[in-house]
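Below: one structure, written as structure tokens.
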Amino acid sequence: MEQKKFDPNSIIGFVLIFGILLWIMYQNQPDPKVIAAEKAQKELVIKEAKAKELNDKVVAEATVAVAATGDSTQLASLEKKLGNFAYSAALPSAKGGVTTIENELVTLKIANKGGYIVEATLKNFERFKKGSGELVKLVKDNNASLNIQLFTSDNHTLNTKDLYFEPTLTKNGEDQILSMRLKAGANEYLEYKYVLKADDYMLDFDIQSQGLNKVLNTSKPLNLEWDLKTYTNEKSISYENRYSELYYEHEEGKSNYLGLGSQEDDVVQDVSYVAYKQHFFTSILLSSTPFEKAELHSTNLVKDDKVDTTFTKQFKAVVPLAFKNGEIDQKMNWYYGPTDYTLLKSYDKNLEDIVALGWGIFGWINRHAFIPMYGFLSLFIQHGWAIILFTVLVKLAMSPITYKSFLSQAKMKVLRPEINELGEKFKKDPMKKQQETMKLYNKAGVNPMAGCIPGLMQAPIFYALFQFFPSAISLRQKGFLWADDLSSFDSIYELPFHIPAYGSHISLFPILASIAIFFYMKMTTGDQQMAAPTQEGMPDMAKMMKIMIYVSPLMMLFFFNSYASGLSLYYFVSNTITIGIMLVIKNYIIDSDKIHAQIQENKKKEPKKQGKFQRKLQEVMEQAEAQKAKDQKK
Numbered sequence: 001m002e003q004k005k006f007d008p009n010s011i012i013g014f015v016l017i018f019g020i021l022l023w024i025m026y027q028n029q030p031d032p033k034v035i036a037a038e039k040a041q042k043e044l045v046i047k048e049a050k051a052k053e054l055n056d057k058v059v060a061e062a063t064v065a066v067a068a069t070g071d072s073t074q075l076a077s078l079e080k081k082l083g084n085f086a087y088s089a090a091l092p093s094a095k096g097g098v099t100t101i102e103n104e105l106v107t108l109k110i111a112n113k114g115g116y117i118v119e120a121t122l123k124n125f126e127r128f129k130k131g132s133g134e135l136v137k138l139v140k141d142n143n144a145s146l147n148i149q150l151f152t153s154d155n156h157t158l159n160t161k162d163l164y165f166e167p168t169l170t171k172n173g174e175d176q177i178l179s180m181r182l183k184a185g186a187n188e189y190l191e192y193k194y195v196l197k198a199d200d201y202m203l204d205f206d207i208q209s210q211g212l213n214k215v216l217n218t219s220k221p222l223n224l225e226w227d228l229k230t231y232t233n234e235k236s237i238s239y240e241n242r243y244s245e246l247y248y249e250h251e252e253g254k255s256n257y258l259g260l261g262s263q264e265d266d267v268v269q270d271v272s273y274v275a276y277k278q279h280f281f282t283s284i285l286l287s288s289t290p291f292e293k294a295e296l297h298s299t300n301l302v303k304d305d306k307v308d309t310t311f312t313k314q315f316k317a318v319v320p321l322a323f324k325n326g327e328i329d330q331k332m333n334w335y336y337g338p339t340d341y342t343l344l345k346s347y348d349k350n351l352e353d354i355v356a357l358g359w360g361i362f363g364w365i366n367r368h369a370f371i372p373m374y375g376f377l378s379l380f381i382q383h384g385w386a387i388i389l390f391t392v393l394v395k396l397a398m399s400p401i402t403y404k405s406f407l408s409q410a411k412m413k414v415l416r417p418e419i420n421e422l423g424e425k426f427k428k429d430p431m432k433k434q435q436e437t438m439k440l441y442n443k444a445g446v447n448p449m450a451g452c453i454p455g456l457m458q459a460p461i462f463y464a465l466f467q468f469f470p471s472a473i474s475l476r477q478k479g480f481l482w483a484d485d486l487s488s489f490d491s492i493y494e495l496p497f498h499i500p501a502y503g504s505h506i507s508l509f510p511i512l513a514s515i516a517i518f519f520y521m522k523m524t525t526g527d528q529q530m531a532a533p534t535q536e537g538m539p540d541m542a543k544m545m546k547i548m549i550y551v552s553p554l555m556m557l558f559f560f561n562s563y564a565s566g567l568s569l570y571y572f573v574s575n576t577i578t579i580g581i582m583l584v585i586k587n588y589i590i591d592s593d594k595i596h597a598q599i600q601e602n603k604k605k606e607p608k609k610q611g612k613f614q615r616k617l618q619e620v621m622e623q624a625e626a627q628k629a630k631d632q633k634k
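For the record, in the sequence shown the residue sitting at position 331 is 331 according to full-length UniProt numbering, with numbers rising by one throughout.
Next comes the structure, spelled out in structure tokens:
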């Protein structure tokens with residue numbers, strides 16, 4: 001085997017190739033000066049972008065450092081950017097910090113930076129579960145802001161939320177007066193003035209200026225922007241979110257709301273107040289002189305109530321502050337407090353309209369009957385028992401209607417054999433059968449509509465109560481039996497999984513209410529089937545009514561599982577009482593033999609004069625019969 005020999009030519013070739021590669025790399029190496037220039041250019045672009053994004057925010061924050069050092073050189077530099085508002089940078093108060101004002105009901109913290117409320121705590125209300133110790137805070141952790149964009153005469157744009165105000169706290173008796181001034185000179189300033197009275201959720205809030213016509217461009221109004229991202233405060237996020245809405249009053253007393261969509265926007269004129277309602281708590285900005293217009297925005301932040309558990313809605317309002325003789329003078333009020341109908345009504349500013357009590361007759365029943373009656377009962381007895389007594393009183397008031405309904409069914413039941421005979425006699429002539437049936441009703445003194453009217457009369461009561469209980473803040477965190485909060489669901493067992501349209505827990509009061517509804521419908525449906533005459537299509541109708549006996553309680557079970565347990569308690573007690581009243585009327589008051597004898601006596605008398613409805617129905621039937629006979633002759 002031939003041995004490999006050392007080849008010097010190969011070694012020389014490799015060295016030359018390696019050298020050439022080094023030379024190429026060296027020649028293509030970037031010039032350090034070019035690299036430095038490119039780096040500086042990139043840094044400049046980044047700085048310019050940040051400066052453009054933050055605008056005057058960075059400069060405004062720098063006023064703290066200027067105030068601390070008193071460096072006149074820095075102040076002069078700021079003056080070029082801030083104009084006369086750089087005067088505030090030299091003030092000792094031009095620094096971070098908050099000023100607290102409070103009474104027996106609320107604690108409010110107002111920040112020097114921006115001059116607005118950065119924390120609003122309600123002292124008498126706790127979050128989620130009573131005893132947790134965590135108080136309800138409508139404003140905290142930068143979830144709210146108040147800003148006015150200022151256009152200076154030297155073409156600068158500033159935002160008050162980024163500038164520092166000088167606080168001055170004084171007292172006038174029990175009133176606490178906080179003046180927050182953003183100064184542009186010794187006698188030129190923009191002022192936020194807060195006045196908090198004793199034992200009141202409402203505080204005065206004025207925005208006024210002095211000498212700013214020399215500093216600002218006053219050719220157009222200043223826009224006041226109020227933002228609030230609402231925290232959850234209740235056990236059921238989906239339930240709370242359903243009742244969280246943006247309300248407003250406009251055009252001299254008209255109340256309205258944006259709606260519950262994922263994104264709602266509107267522009268309205270002559271706005272007196274804007275209310276950010278969070279089911280049981282509300283933040284309201286009111287103006288003594290209506291704003292010329294308001295741009296309103298509402299965004300739903302709960303896409304999935306198992307994930308989105310911190311916030312419910314994002315609210316925003318933009319309103320103009322008009323200059324008068326070159327100055328701003330806007331008298332307003334803030335309200336941070338409970339959504340309590342009686343309390344809001346006491347301010348006499350139509351604020352009670354934000355409480356969802358229903359429209360028309362439903363709202364009238366709640367305002368003038370249910371709210372006063374329940375409010376009176378709850379003064380003397382515990383809330384669960386107050387609901388039960390309230391239910392008893394409502395059912396007693398409705399008992400005459402219930403009696404008339406049963407009496408009508410009993411009369412129809414007595415007449416059923418005769419009606420069936422007419423059905424057999426005129427089997428081939430349905431129109432004639434209807435005419436003869438109506439004559440029988442009239443002769444016997446029976447109104448077939450009497451059984452329907454009581455049900456229609458009870459419908460407004462049902463719907464009014466459906467609106468009343470979810471809006472009753474007096475039920476919030478009030479326990480009864482196993483329910484720890486009558487304003488929320490009464491869970492007795494947490495499921496390890498989620499059932500669509502039902503939830504991940506089992507509430508007991510809806511189960512009891514569903515059982516009561518089942519027996520109530522079984523009793524009433526059976527009586528109606530016994531009383532109703534046999535007609536074409538009746539077998540299908542009977543089958544449908546039997547299905548509803550089972551479907552209605554099931555719907556109740558699913559629909560109310562996450563609703564206020566106070567409402568389910570009402571329906572359970574209400575249907576149980578109705579069943580009892582039905583049994584008493586059926587077994588001890590209504591006598592079928594007496595009714596039958598009375599009907600036979602009525603037949604001997606002259607038929608009663610038909611009512612308008614019966615007369616009109618008779619005329620329609622006769623016309624149809626005449627038309628039918630005419631068609632048969634052709």
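Cβ coordinates follow ideal geometry from the N, Cα and C atoms, glycine included.
So the alpha helix (DSSP H) residue i belongs to, where does it begin and stop?
i	result
Leu415	His383 to Lys425
Glu104	From DSSP, Glu104 is part of no alpha helix (DSSP H); its letter is neither H nor E.
Phe572	Ser565 to Val584
Leu301	Per DSSP, Leu301 belongs to no alpha helix (DSSP H) and is neither H nor E.
Phe315	Segment Phe311 to Leu321 is the beta strand (DSSP E) holding Phe315; no alpha helix (DSSP H) there.
Trp364	Gly360 to Ile365
Leu377	Ile371 to Leu377
Quick check on the burial criterion: 16 or more other C-beta atoms within 10 angstroms. Buried or exposed for residue i?
i	result
His368	exposed
Lys50	Because the pLDDT of Lys50 is 49, which lies under 50, any placement of that residue in the model is unreliable, and the number read from its coordinates should be weighed accordingly. Exposed: under 16 other Cβ atoms inside 10 Å.
His498	exposed
Met548	exposed
Ala68	In this prediction, Ala68 scores a pLDDT of 47, lower than 50, which makes its location untrustworthy; the coordinate-derived value is nonetheless stated afterwards. Exposed, because fewer than 16 other Cβ atoms sit within 10 Å of the Cβ of Ala68.
Glu166	buried
Ala186	exposed
Leu54	Note that Leu54 scores a pLDDT of 44, beneath 50, so its modelled location is shaky; the value from the coordinates is reported in the next line. When all chains shown are included, Leu54 counts as exposed.
Ala501	exposed
Asp353	buried
Gln382	exposed
Gly96	exposed
Phe125	buried
Tyr550	exposed
Glu104	exposed
Thr588	Residue 588 is actually Tyr in this sequence, not Thr. Its Cβ having fewer than 16 others within 10 Å, Tyr588 is exposed.
Met538	Annotation note: pLDDT 46 at Met538 (below 50); position unreliable, no value reported.
Glu191	buried
Pro485	Checking the displayed sequence, the identity of residue 485 turns out to be Asp instead of Pro. Under this definition Asp485 is a buried residue.
Gly133	exposed
Find the nearest neighbour of residue i within the set the options, judged by alpha-carbon distance.
i	options	result
Lys546	Thr524, Met556 and Phe558	Thr524
Ser219	Glu191, Lys324, Lys313 and Asp200	Lys324
Thr121	His250, Thr282 and Phe370	Thr282
Tyr239	Tyr563, Phe572, Gly173 and Ile585	Tyr563
Tyr570	Thr160, Phe390 and Leu138	Phe390
Ile361	His279, Gln467 and Gly173	Gln467
Ser504	Asp490, Ser514 and Leu203	Asp490
Ala275	Gln149, Glu251, Glu252 and Ser244	Ser244
Ile237	Lys171, Lys313, Leu224 and Asp204	Lys313
Trp334	Tyr194, Lys404 and Ala294	Tyr194
Tell me whether residue i counts as near the ligand ATP, meaning its Cβ is closer than 6 angstroms to at least one heavy atom of that ligand.
i	result
Leu567	In terms of ligand content, the structure shown is empty, and the ligand ATP therefore cannot be addressed.
Where do the N-terminal and C-terminal ends of the beta strand (DSSP E) with residue i fall, by residue?
i	result
Lys254	Lys254 to Tyr257
Tyr231	Leu222 to Tyr231
Leu216	Element bounds for Leu216: n/a, residue is neither H nor E.
Leu122	Ile117 to Glu126
Leu190	Tyr189 to Leu196
Leu203	Met202 to Gln210
To test your reading of the DSSP string, which unbroken beta strand (DSSP E) runs of 3 or more residues are found completely within the segment 472-515?
You should have 491-499 and 503-507.
* Please determine if the segment 251-259 and the segment 219-235 are in contact, where contact requires at least 3 C-beta pairs separated by less than 8 angstroms. => Contact between the segment 251-259 and the segment 219-235 is absent, because fewer than three Cβ pairs lie under 8 angstroms.
### Task
Would you list, in sequence order, the uninterrupted beta strand (DSSP E) runs of no fewer than 3 residues that lie entirely inside the segment 131-181?
Within the segment 131-181, the complete beta strand (DSSP E) runs of at least 3 residues fall at 135-139, 144-151, 157-159 and 166-172.
key: Whole beta strand (DSSP E) elements within the segment 237-292, 3-residue minimum   = With a minimum length of 3 residues, the unbroken runs of beta strand (DSSP E) contained wholly in the segment 237-292 fall at 244-250, 254-257 and 263-278.
- Item | Uninterrupted beta strand (DSSP E) stretches inside the segment 325-355 (no shorter than 3 residues) | DSSP runs (the beta strand (DSSP E)) wholly in the segment 325-355: 327-338.
>> Is it the case that the segment 570-582 contacts the segment 390-397, given that we only count it when at least three CB pairs across the two stretches are under 8 angstroms?
In response: Three or more Cβ pairs closer than 8 angstroms define a contact, and the segment 390-397 meets that threshold against the segment 570-582.
| query | Is it true that the segment 261-271 meets the segment 168-180, where meeting means three or more beta-carbon pairs spaced less than 8 angstroms apart? | reply | Contact fails: fewer than three Cβ-Cβ distances are below 8 angstroms.
message = Below 8 angstroms, how does it come out for the segment 331-349 and the segment 271-291: are there three or more Cβ pairs, yes or no?
response = Touching, yes, given that three or more Cβ pairs across the two stretches are closer than 8 angstroms.
key: Cβ contact check for the segment 463-477 and the segment 327-343: 3 or more pairs under 8 angstroms   = By the criterion of at least three beta-carbon pairs nearer than 8 angstroms, the segment 463-477 is in contact with the segment 327-343.
Okay, do the segment 506-514 and the segment 480-495 touch, 3+ Cβ pairs below 8 angstroms being the bar? Cβ pair count under 8 angstroms is three or more, so yes.
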